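A quick write-up on the structure given underneath.
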Amino acid sequence: MCSAIAKSDVPPNLSKRDPGKLAHARWLTTANRILRLYVASEQPSNKLKTIKEFILKVYAPVWFDIKVRSSCTEGSRHLFSLIRRSVYLPAAVKDVIDPVIQRHAFFAHPENILLSMLVNTDDRNPMRELALRRILKCRVNGLQNRNIRQFKVPKLNFDSQDYTELINWQSA
-5 MCSAIAKSDV PPNLSKRDPG KLAHARWLTT ANRILRLYVA SEQPSNKLKT
45 IKEFILKVYA PVWFDIKVRS SCTEGSRHLF SLIRRSVYLP AAVKDVIDPV
95 IQRHAFFAHP ENILLSMLVN TDDRNPMREL ALRRILKCRV NGLQNRNIRQ
145 FKVPKLNFDS QDYTELINWQ SA
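Numbering follows the numbering used here, in which position 44 of the sequence shown is assigned residue number 38; successive positions increment by one, without gaps.
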């Protein structure tokens, strides 16, 4: 459905297709229903067009990326992809979704970014070496601090150019 709408080549029977039982916990069925509503509307509202753009430009591509590479080692890259794709959305939409991304950015935690850096599939060996150095430094500092660590979601850098720049490493 996404590719048909993106290509503006929507078959007439697509608007009549049953998207299946609605499950509120399943955003995929919700997105599917919204796209079906968009296709069935002769004059879709501006809000419906905005939601359609979000689904086609951000949600669906990231969902497919996660399905293709579903390992936890890819989580930081998926989060970065989500942020990069949302950059091109209108400011009003970004004002809504950026706080949600920030609140749920668990894969921006330094431990998760380091995990992604360690199993780097981009053939960037310096990245793996940097991750190793940071882990060894944390181990040394961890021996001095025996308190229980709290898992806090760090503040995101929405202007980052790489998943390794999602956070400020000095304050992490």
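Note that the Cβ used here is the ideal one computed from N, Cα and C, for glycine as well.
Owing to the predicted nature of the structure, the values given are computational and were not obtained by experimental measurement.
Please report the residue range of the alpha helix (DSSP H) in which residue i lies.
{"i": "Glu105", "result": "Pro104 to Leu112"}
{"i": "Pro5", "result": "No alpha helix (DSSP H) contains Pro5, which DSSP labels as neither H nor E."}
{"i": "Pro55", "result": "Ala54 to Val62"}
In this structure, does DSSP put residue i in helix, strand or coil?
{"i": "Glu36", "result": "coil"}
{"i": "Tyr82", "result": "coil"}
{"i": "Arg128", "result": "helix"}
{"i": "Ala228", "result": "Residue 228 cannot be examined here, being either before or after the span of the chain that is shown, -5 to 166."}
{"i": "Gln155", "result": "coil"}
{"i": "Lys88", "result": "helix"}
{"i": "Ala99", "result": "coil"}
{"i": "Asn139", "result": "coil"}
{"i": "Lys149", "result": "coil"}
{"i": "Leu50", "result": "helix"}
{"i": "Arg30", "result": "helix"}
{"i": "Leu160", "result": "coil"}
Exposed or buried, what is residue i when buried is set at 16 or more other beta-carbons lying within 10 Å of its beta-carbon?
{"i": "Val134", "result": "exposed"}
{"i": "Ser110", "result": "buried"}
{"i": "Tyr53", "result": "buried"}
{"i": "Leu29", "result": "buried"}
{"i": "Leu150", "result": "buried"}
{"i": "Ile142", "result": "exposed"}
{"i": "Asn7", "result": "exposed"}
{"i": "Phe58", "result": "exposed"}
{"i": "Leu113", "result": "The amino acid occupying residue 113 in the given sequence is Val; Leu does not appear at that position. Burial call: exposed."}
What does the alpha-carbon distance come out to for the pair residue i and residue j?
{"i": "Phe48", "j": "Arg140", "result": "45 Å"}
{"i": "Lys146", "j": "His103", "result": "7 Å"}
{"i": "Ala166", "j": "Phe152", "result": "16 Å"}
{"i": "Ser2", "j": "Arg122", "result": "43 Å"}
{"i": "Gly69", "j": "Ile129", "result": "18 Å"}
{"i": "Glu105", "j": "Ile(-1)", "result": "39 Å"}
{"i": "Phe101", "j": "Pro93", "result": "15 Å"}
{"i": "Leu83", "j": "Arg27", "result": "21 Å"}
Report whether the distance from the Cβ of residue i to the nearest heavy atom of the ligand ZN is below 6 Å.
{"i": "Asp116", "result": "As far as ligands go, the structure on display features none, and thus does not contain the ligand ZN."}
Quick test of your reading: residue i and residue j, contact by CB under 8 Å. State the CB separation rounded to the nearest angstrom.
{"i": "Val90", "j": "Thr44", "result": "Their Cβ separation, rounded to whole angstroms, is 10 Å, which puts Val90 and Thr44 out of contact at 8 Å."}
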